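Student: Below is a structure I'd like to ask you about.
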Amino acid sequence: MTDDLDTLSVNTIRGLCMDAVQRAESGHPGTPMGMAPVAYTLWQRFLRYDPRDPIWPNRDRFVLSEGHASVLLWSLLHLAGVHAVDPDYEVLGRPAVTLEDLKSFRQLDSRCPGHPEYRWTSGVETTTGPLGQGVATSVGMALAGRWLGAAYNREDFPLFDFDVYALAGDGCMMEGVASEAASLAGHQRLSNLCWIYDSNRVTIEGHTDIAFTEDVAARFLAYGWNVTTVADANDLDATARAFHDFRAEAERPTLVLVHSHIGYGSPVEDSPKAHGSPLGPDGVRAAKRFLGLPEDEEFRVPDAVRERFAQGIGARGAELRAAWEKRFEDYRASWPAEADELERMQRRELPDGWDRDLPDFAPDPKGLATRDSSGRVLNALARNIPWLLGGSADLAPSTKTRLTFDGAGDLQPKEHGGRNLHFGIREHAAAAVANGMALTKLRPYWSGFLIFSDYARGAIRLSALMELPVVHVFTHDSIGVGEDGPTHQPVEQLAGLRAIPGLLVFRPADAGEVAETWRCVARLRHEPAALVLSRQALPTLDRTRLAAASGVARGAYVLADAPSGEPQVILLATGSEVSLALRARDELAAEGVGARVVSMPCWELFDRQPREYRDEVLPPSVTARVGIEQASTFGWDRYVGDRGALVGMHTFGASAPLKQLLAKFGFTAQRVAETARGLLAAGPGTAP
């Protein structure tokens, strides 16, 4: 039943949102004003969330997918009294969002940025900038919740039963990634997932009927969702009934379709003018007058409103968390090993002996495709890291990412504890779902062909922005795809992935480097990694005469040096081209030319090494350098310098058997040796 204090609380949220946007002279007041009643109802009456411990593992998650309305979230975090958490997961004794933070909305270093940013402001469950990403990520959270319950709940110990709520708008519903994720959620029957659709029928360009006239409710019914409608966002009781309907649904995810008025109560209500710009001083005063708020008082928070939040979400959350912590202590007494796993998972720590039984790979001129050796290493790791799980975008037989050991199983609607996920042909959703799982502290991976990383790039970028240890596994890494032709042969994708700050991109040269790559990746706590693996077999190098593969940990290392230790030319390569560089080295050695081969599996790690090490691997005095990679040469100049040369791709590929492609595009030992000779003939100080 709505009372006057509920109305005051809702309007206080609206007032804070208007004032923050107006003070910043930037932002989006319309959606917060329209959806404040729905958000208030959810937080005050339903959300199982303790503001004093916003990382409590069994908390309900709230995702603001329409992230441009971030001031709504900042107001909720402030009024609920959510506490700050430091990078070591320690809860601090200060609020996550103060009134001063709200006053500095969208300003440099403010805890209230323009969109929700994970790891920046406590209480933000995921970064939601591009529309559709939040709802897609929420599917991963809900899927992780189901998996945690299946893996760790025991009779009388229901540790994990949290729900996931995501607030989305018309823009989210138009984005393809949301459709991919909704389809997957319907298949998985994620009844712990609730999307709240803010249907205000307005976007930046105008009313949605200029581009978007579909029946969203019918679409979600077709996905297998439960759909319920709230005719008026201001009707708190109707909204509460919709959330009760969600909680009663045991078989399907729920879409709560809310008809709202953007910019409610303002002179620009239901207008595109309420989208993305302040109301102006006169508009703010008019809206406050309509809402019954003091017209000339900014950032007003009555004590009664704070007390209402404390008695609602504050008291309910504290009680639920205390009961859960007591339950967990009892669980620990009966299930100590499982309790230890859960605590390590929450701290992103690995179990003891996580790297035991990693396979060794004997030298072999025929070798293995790095996708094959990766599959073997992945299975060994997953046996020892129980919360490492993932799958592919319908390509596991090709990406070799299926977990095949006894008990791995498939994560399906009636088997939530499986370790193999089937994302379907949904690359963008696969990466976003993996982000959601990582945000729930699982260790996820997903896989596809490298060429299709373009489809997933938005979510890959967010994994780096949020510093999540997601593993993006890509195979079919080059023109080595062969007859499938240029549509399936990646050229510019490596350069594109390397351009993402914080993403570690590994392209290992053989099975030994694959094992060391996974050893590095498993230890990551706050960085995502992209593994770029070959379809074709690569020789397994003889480490008794070459440097150890452990050099992967430094990003690049001297694999084979000139006999004298003072090279005349340096051959730098990654992946399948490393063995090519070794063959060119042998050809040059037969002519008395001393060549060093440097394997560079991870540029990002190499760039972090001390200058002394980098100069040791790439002596500045040796300017004759050849970079070799079956990809765009973009970025290689910083390693070969303006006196070096590159053997790479300058066009798209072609459809033909691999050997013909290698000859056509110059990936032969003869071409590499010839390029090196040209540099040496030009002499130092002379541009080739």
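In the numbering used here, each number is its position in the sequence shown, counted from 1, plus 281. We put the CB at the ideal spot given by N, CA and C, even for glycine. All values derive from a computational prediction rather than experimental measurement.
#1: So within the stretch 827-885, which uninterrupted alpha helix (DSSP H) runs reach at least 4 residues, ignoring any that extend past its ends?
#2: Figure out for me which residue from Gln325, Val363, Ser307 and Ala320 has the closest Cα to the Cα of histidine 349.
#3: In chain order, which beta strand (DSSP E) runs of at least 3 residues are fully inside the stretch 641-702?
#4: Report the three-state DSSP secondary structure of tryptophan 727 (helix, strand or coil).
#5: Which of helix, strand or coil does DSSP assign to methionine 299?
#6: When we look at the beta-carbon of alanine 968 and count the other beta-carbons within 10 Å, is it buried (16 or more) or exposed?
#7: Using a Cβ-Cβ distance cut-off of 8 angstroms, determine whether alanine 603 contacts chain D.
#8: Who pairs with valine 366 in a beta bridge, going by DSSP?
#9: Could you work out which residue in Lys647, Val511, Val658 and Leu631 is closest to proline 640 when comparing CA atoms only?
#10: Less than 8 angstroms between the CB atoms is what I'm expecting for glycine 856 and alanine 790, so what's the real figure, rounded?
#11: Decide yes or no for the touch test of the stretch 678-687 against the stretch 383-400: beta carbon pairs closer than 8 angstroms, at least 3 of them.
#12: Determine the direct distance from the alpha carbon of glutamate 606 to that of leucine 814, and round the result to whole angstroms.
#13: Would the beta-carbon of threonine 407 fall within 8 angstroms of that of glycine 717?
#14: Taking DSSP's pairing of strands, which residues face leucine 538 in a bridge?
#15: CA-CA distance, proline 882 and glutamine 469?
#16: Pull up the distance between the alpha-carbon of alanine 466 and that of glutamine 849, whole angstroms please.
#17: Indicate the three-state DSSP secondary structure (helix, strand or coil) for glutamate 910 in the structure shown.
#18: Do proline 335 and valine 366 count as a contact pair if the criterion is CB distance below 8 angstroms?
#19: To the nearest angstrom, how far is the alpha carbon of glutamine 951 from that of alanine 425?
#20: Quick one: give me the first and last residue of the alpha helix (DSSP H) that leucine 939 is part of.
#21: Helix or strand or just coil, what does DSSP make of valine 928?
#22: Have a look at arginine 608 and proline 439 and give me their C-alpha separation to the nearest angstrom.
#23: Could you say if the stretch 662-678 and the stretch 642-649 meet the contact criterion of at least three C-beta pairs nearer than 8 angstroms?
#24: Grouping DSSP H, G and I as helix and E and B as strand, with all else coil, what is proline 394?
#25: Where does the unbroken alpha helix (DSSP H) through glycine 793 begin, and where does it stop?
#26: Does the structure place the stretch 532-543 close enough to the stretch 507-521 that three or more beta carbon pairs sit under 8 angstroms?
#27: What would DSSP say about leucine 819, mapped onto helix, strand or coil?
#28: Give me, in chain order, the residues of the same chain whose beta-carbon lies closer than 7 angstroms to that of isoleucine 706; leave out the 5 immediate sequence neighbours on both sides.
#29: Rounded to the nearest angstrom, what separates serine 734 and proline 332 at their Cα positions?
#30: What residue from Tyr504, Val802 and Trp884 has the CA that sits closest to leucine 853's CA?
#31: Measure the CB-CB distance between proline 750 and histidine 807 and report whether it falls below 8 angstroms.
#32: Distance, Cα to Cα, isoleucine 594 vs leucine 601?
#33: If we count Cβ pairs, one from each stretch, closer than 8 angstroms, do we get three or more for the stretch 772-782 versus the stretch 944-958?
#34: Tell me, please, whether the stretch 863-878 touches the stretch 766-775 by the rule of three or more beta-carbon pairs shorter than 8 angstroms.
#35: Please state the DSSP three-state secondary structure of alanine 811.
#36: Going residue by residue through the stretch 417-492, where are the continuous beta strand (DSSP E) segments of at least 3 residues, counting only ones entirely within it?
Tutor: Working from what's here:
#1: Complete alpha helix (DSSP H) runs here, min 4: 858-870.
#2: Among Gln325, Val363, Ser307 and Ala320, the Cα nearest to that of histidine 349 is on Ser307.
#3: Qualifying beta strand (DSSP E) stretches, in chain order: 645-650 and 669-673.
#4: Residue state for tryptophan 727 is assigned as strand, using DSSP reduced to three classes.
#5: Look at methionine 299 here: in three-state DSSP terms it is helix.
#6: For alanine 968, the predicted structure reports a pLDDT of 43, less than 50, and the residue's modelled location is therefore unreliable. The matter cannot be settled from this model.
#7: Of the chains in the structure shown, none is chain D; there is only one protein chain.
#8: Per DSSP, the beta-bridge partners of valine 366 are Val372.
#9: Residue Val658 is the option with its Cα nearest to proline 640.
#10: Between alanine 790 and glycine 856 the Cβ distance is about 6 angstroms, and since that is below 8 angstroms, they are a contact.
#11: The stretch 678-687 vs the stretch 383-400: no contact.
#12: Leucine 814 and glutamate 606: Cα-Cα distance of roughly 43 angstroms.
#13: Here threonine 407 is near glycine 717, since their CB atoms are less than 8 angstroms apart.
#14: Bridge partners of leucine 538: Tyr478 and Thr510.
#15: Going by the C-alpha atoms only, they are around 37 angstroms apart.
#16: Put simply, the backbone Cα of alanine 466 is about 58 angstroms away from that of glutamine 849.
#17: For glutamate 910, the three-state secondary structure derived from DSSP is strand.
#18: Result yes, Cβ atoms of valine 366 and proline 335 sit closer than 8 angstroms.
#19: As the crow flies, the alpha-carbon of glutamine 951 is around 52 angstroms from that of alanine 425.
#20: Note, leucine 939: alpha helix (DSSP H), 939-946.
#21: Three-state DSSP puts valine 928 in a strand.
#22: Spanning the two alpha carbons is a distance of roughly 8 angstroms.
#23: Short answer: they don't touch.
#24: Here proline 394 sits in coil by DSSP.
#25: First-last of the alpha helix (DSSP H) with glycine 793: 792-804.
#26: Output reads yes: the stretch 532-543 touches the stretch 507-521.
#27: Leucine 819: strand per DSSP, three-state reduction.
#28: Answer for isoleucine 706: Ala674 and Asp675, listed in chain order.
#29: A straight-line Cα-Cα distance of about 38 angstroms links serine 734 and proline 332.
#30: Minimum Cα distance to leucine 853 is reached at Trp884.
#31: Histidine 807 sits close to proline 750, with the two beta carbons spaced by under 8 angstroms.
#32: A direct Cα-Cα distance of roughly 10 angstroms separates isoleucine 594 from leucine 601.
#33: Counting Cβ pairs under 8 angstroms, fewer than three are found: no touch.
#34: The answer is no - the stretch 766-775 does not touch the stretch 863-878, with fewer than three Cβ pairs under 8 angstroms.
#35: Looking at alanine 811 - three-state DSSP - the assignment turns out to be strand.
#36: Within the stretch 417-492, the complete beta strand (DSSP E) segments at least 3 residues long are 445-450 and 474-480, listed from N- to C-terminus.
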